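Engineer: Take a look at the following structure, please.
Number of protein chains: 2
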Amino acid sequence: MKVTDRKTEIILTAAKLFRKKGYNAVSMRDLASELGIKAASLYNHIKSKQEILSEIVLQVAERFTTHIDEIYPQEVSSIKKLEAIIQNHIEITIQQTDFLACLNNDWMHLAEENLQDYLKMRNDYEEKFRKILLDGMVKNELENRNPEIVIFSILTTLRTLYLWYSKKSSIEVEVLKKDLPKTLLNGLIQN
Amino acid sequence: MKVTDRKTEIILTAAKLFRKKGYNAVSMRDLASELGIKAASLYNHIKSKQEILSEIVLQVAERFTTHIDEIYPQEVSSIKKLEAIIQNHIEITIQQTDFLACLNNDWMHLAEENLQDYLKMRNDYEEKFRKILLDGMVKNELENRNPEIVIFSILTTLRTLYLWYSKKSSIEVEVLKKDLPKTLLNGLIQN
DNA sequence: GTCTATAACGCGATAGAC
DNA sequence: GTCTATCGCGTTATAGAC
Numbered sequence: 000m001k002v003t004d005r006k007t008e009i010i011l012t013a014a015k016l017f018r019k020k021g022y023n024a025v026s027m028r029d030l031a032s033e034l035g036i037k038a039a040s041l042y043n044h045i046k047s048k049q050e051i052l053s054e055i056v057l058q059v060a061e062r063f064t065t066h067i068d069e070i071y072p073q074e075v076s077s078i079k080k081l082e083a084i085i086q087n088h089i090e091i092t093i094q095q096t097d098f099l100a101c102l103n104n105d106w107m108h109l110a111e112e113n114l115q116d117y118l119k120m121r122n123d124y125e126e127k128f129r130k131i132l133l134d135g136m137v138k139n140e141l142e143n144r145n146p147e148i149v150i151f152s153i154l155t156t157l158r159t160l161y162l163w164y165s166k167k168s169s170i171e172v173e174v175l176k177k178d179l180p181k182t183l184l185n186g187l188i189q190n
Numbered sequence: 000m001k002v003t004d005r006k007t008e009i010i011l012t013a014a015k016l017f018r019k020k021g022y023n024a025v026s027m028r029d030l031a032s033e034l035g036i037k038a039a040s041l042y043n044h045i046k047s048k049q050e051i052l053s054e055i056v057l058q059v060a061e062r063f064t065t066h067i068d069e070i071y072p073q074e075v076s077s078i079k080k081l082e083a084i085i086q087n088h089i090e091i092t093i094q095q096t097d098f099l100a101c102l103n104n105d106w107m108h109l110a111e112e113n114l115q116d117y118l119k120m121r122n123d124y125e126e127k128f129r130k131i132l133l134d135g136m137v138k139n140e141l142e143n144r145n146p147e148i149v150i151f152s153i154l155t156t157l158r159t160l161y162l163w164y165s166k167k168s169s170i171e172v173e174v175l176k177k178d179l180p181k182t183l184l185n186g187l188i189q190n
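Top to bottom, those sequences are chains A and B.
When the letters of the first sequence are read in order and numbered with numbering that gives the first Met the number 0, they come out as residues 0 to 190.
When the letters of the second sequence are read in order and numbered with numbering that gives the first Met the number 0, they come out as residues 0 to 190.
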């Protein structure tokens, strides 16, 4: 099996265009043109424009889900879990920048069933994140602060990391991996 | 002069729909239907769909610009300035939730000149914010941390506040005004 | 697997009656 | 100021030749 077959190539190219202009602003002609073929030829590989979007969004969403499901039950401190989650966001931001941007900007353009699947994964993720944070506060590993505001602030920063990352060079990524957990968790860790 | 003339009503309704579905996913027929009229009738009040978007985005952008231009030169501590900026974001989030969402999601669909105006305001805002923060670090009012990561984290939280606010009741807004500055600036303020 | 041709439809915007 | 009618164009997707 090839590493990138034609369908994968289409989806990668679509993600790049969706990120730049938004799902609705990218036509099948735009996408085909970027691949050097005609729009009609795309339909030999994909079922519809909607299918492309759902493959992009759900693939990343599942990656987040898998990771937090693995971290969540571990017997380590809440701080360690939060650090692992932050590292994972950085990894995905680096490896799947375009996909992540699509997830953030265009998830609401998913059709009925795909949309429900996405929203369920998103809610479950946020719920596990909340429990980890609250657990840390209960055990006095973390300062007692308004948890909802803290959750929002951390998650929104992690979600939009791709906006910042794409402006920076790869050297600064090392700085990011080192300093972002501090920035997000400092003033929160009991000392 | 009436408080809300027809044009204002159109723009407010458009902002609500753009927020929910995105600029490109809302047709002039959708907008007209929401107002109980036909699409053609809209054009007695507005020049184009693009004009609606630019009025929404540039109005909010100008409000942010005006505020930071007023705060920036004042002779108070950097912390006071940052607190004032955070309060302003909360105010605008509450008062112009839909407009703010449009600015965040659809600014890239502005046409040539409007887009340039927006980007200039956005850059100027970020630059003044950066200078305030760096000034606070130089004067040891704030901890010396990687400034770009701090700037990104604070601004992205403030920009996306509307996502969080719209889920919460108005009572919790008082909590937000009290706790958000702490959450964003704690671990940053020297003590 | 890509092509040309085209179906079926929705889009933004305008003209002109009332 | 709102309406009906319509123009010209772009959209997703399909049929069938090669």
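All C-beta atoms in this analysis are idealised placements derived from N, C-alpha and C, irrespective of residue type, glycine included.
All values reported here derive from a predicted model rather than from experimental measurement.
Relative to the alpha-carbon of residue 52/B, which residue among 144/B, 114/B, 127/B has its alpha-carbon at the smallest distance?
Structural biologist: On the second sequence, position 53 is the one that residue 52/B refers to. Ranking the options by Cα distance to residue 52/B, first place goes to 114/B.
Engineer: Within a Cβ cutoff of 7 Å, which residues of the same chain sit near residue 83/A, ignoring the five residues on either side of it in sequence?
Structural biologist: As a working note, residue 83/A is residue 84 in the first sequence. The answer, listed in chain order, is 70.
Engineer: Which residues of chain A have a Cβ atom closer than 7 Å to the Cβ of residue 163/B, listed in chain order?
Structural biologist: Start at 1 with the first residue of the second sequence, and residue 163/B comes out as number 164. Under the 7 Å cutoff, chain A gives 151.
Engineer: What three-state label does DSSP hand residue 183/B in the structure shown?
Structural biologist: Numbered from 1 along the second sequence, position 184 holds the residue referred to as residue 183/B. Helix.
Engineer: Which one or two residues does DSSP pair with residue 188/A in a beta bridge?
Structural biologist: Start at 1 with the first residue of the first sequence, and residue 188/A comes out as number 189. Per DSSP, 141/A.
Engineer: Counting only runs of 3+ residues fully inside the region 42-82 of chain B, write out the beta strand (DSSP E) ranges in chain order.
Structural biologist: Entirely contained in the region 42-82 of chain B, not one beta strand (DSSP E) run reaches 3 residues.
Engineer: Tell me whether the region 7-20 of chain B and the region 88-101 of chain B touch, counting them as touching only if at least three CB pairs, one residue from each stretch, are closer than 8 Å.
Structural biologist: The region 7-20 of chain B, when compared against the region 88-101 of chain B, does touch it at the 8 Å Cβ threshold.
Engineer: Please tell me whether residue 18/A has its Cβ less than 8 Å away from any Cβ of chain B.
Structural biologist: Start at 1 with the first residue of the first sequence, and residue 18/A comes out as number 19. Not one chain B Cβ lies under 8 Å of residue 18/A.
Engineer: According to DSSP, is residue 96/A part of a helix, a strand, or is it coil?
Structural biologist: Walking along the first sequence from the start, residue 96/A turns up at place 97. In the structure shown, residue 96/A sits in a helix (DSSP, three-state: H, G or I).
Engineer: So, is residue 122/B buried or exposed, given that buried needs 16 or more other C-beta atoms within 10 angstroms?
Structural biologist: Counted from its first residue, the second sequence places residue 122/B at position 123. Exposed, because fewer than 16 other Cβ atoms sit within 10 Å of the Cβ of residue 122/B.
Engineer: Taking only beta-carbon positions, decide if residue 139/A is within less than 8 Å of chain B.
Structural biologist: Here residue 139/A refers to the residue found at position 140 of the first sequence. It does not: the Cβ of residue 139/A has no partner Cβ on chain B nearer than 8 Å.
Engineer: Which class does residue 110/A belong to by DSSP, given the choice of helix, strand or coil?
Structural biologist: Here the question's residue 110/A lines up with position 111 in the first sequence. Residue state, collapsed to three classes: coil.
Engineer: Which of the three DSSP states, helix, strand or coil, is assigned to residue 174/A?
Structural biologist: Stepping through the first sequence from its first residue, residue 174/A is reached at position 175. Here residue 174/A sits in helix by DSSP.
Engineer: Name the residue from 73/A, 105/A, 74/A whose alpha carbon lies nearest to the alpha carbon of residue 24/B.
Structural biologist: Taking the first residue of the second sequence as position 1, residue 24/B is located at position 25. Taking only the C-alpha atoms, the option nearest residue 24/B is 105/A.
Engineer: Cβ closer than 7 Å: which chain B residues qualify as neighbours of residue 148/A?
Structural biologist: The residue you call residue 148/A lines up with position 149 of the first sequence. Residues of chain B passing the Cβ test: 175, 178, 179, 182.
Engineer: Could you tell me the distance, in whole angstroms, from the CA atom of residue 112/A to the CA atom of residue 86/B?
Structural biologist: Numbered from its first residue, the first sequence carries residue 112/A at position 113. Numbered from its first residue, the second sequence carries residue 86/B at position 87. Those two C-alpha atoms are separated by around 39 Å.
Engineer: Any beta-carbon of chain B closer than 8 Å to the one on residue 187/A?
Structural biologist: Within the first sequence, numbered from 1, the residue matching residue 187/A stands at position 188. With 8 Å as the cut-off, residue 187/A counts as an interface residue toward chain B.
Engineer: Compute the distance between the beta-carbons of residue 57/A and residue 116/A, then report whether it is under 8 Å.
Structural biologist: Here residue 57/A refers to the residue found at position 58 of the first sequence. Here residue 116/A refers to the residue found at position 117 of the first sequence. Against a cut-off of 8 Å, the Cβ pair of residue 116/A and residue 57/A comes out as a contact.
Engineer: Could you list the residues in the region 6-39 of chain A with a C-beta less than 9 Å from some C-beta on chain B, going in chain order?
Structural biologist: Answer set for the region 6-39 of chain A: 19, 20, 21, 22, 23, 24.
Engineer: To the nearest whole angstrom, what separates the beta carbons of residue 127/B and residue 67/B, a pair I think is in contact under 8 Å?
Structural biologist: One-based indexing of the second sequence puts residue 127/B at position 128. One-based indexing of the second sequence puts residue 67/B at position 68. Residue 127/B to residue 67/B, Cβ: 5 Å. Contact.
Engineer: Short of 8 Å in beta carbon distance, which residues of its chain neighbour residue 40/A, apart from the five on each side in sequence? Order them along the chain.
Structural biologist: Taking the first sequence and counting its residues from 1, one reaches residue 40/A at position 41. Result list for residue 40/A: 31, in chain order.
Engineer: Mind checking the region 96-123 of chain A against chain B and listing, in chain order, the residues whose C-beta falls within less than 9 Å of any C-beta there?
Structural biologist: Those residues of the region 96-123 of chain A that come within reach of chain B (Cβ to Cβ, closer than 9 Å) are 104, 105, 107, 108.
Engineer: Would you identify the three-state DSSP class for residue 167/B, choosing helix, strand or coil?
Structural biologist: Counting from 1 along the second sequence, the entry for residue 167/B is found at position 168. Coil, per DSSP.
Engineer: Which residues in the same chain as residue 9/B place their Cβ atom closer than 8 Å to its Cβ, once the five residues preceding and following it in sequence are excluded?
Structural biologist: Counting from 1 along the second sequence, the entry for residue 9/B is found at position 10. Excluding residues within five positions, the ones whose Cβ falls inside 8 Å are 30, 34, 41, 44, 45, 51.
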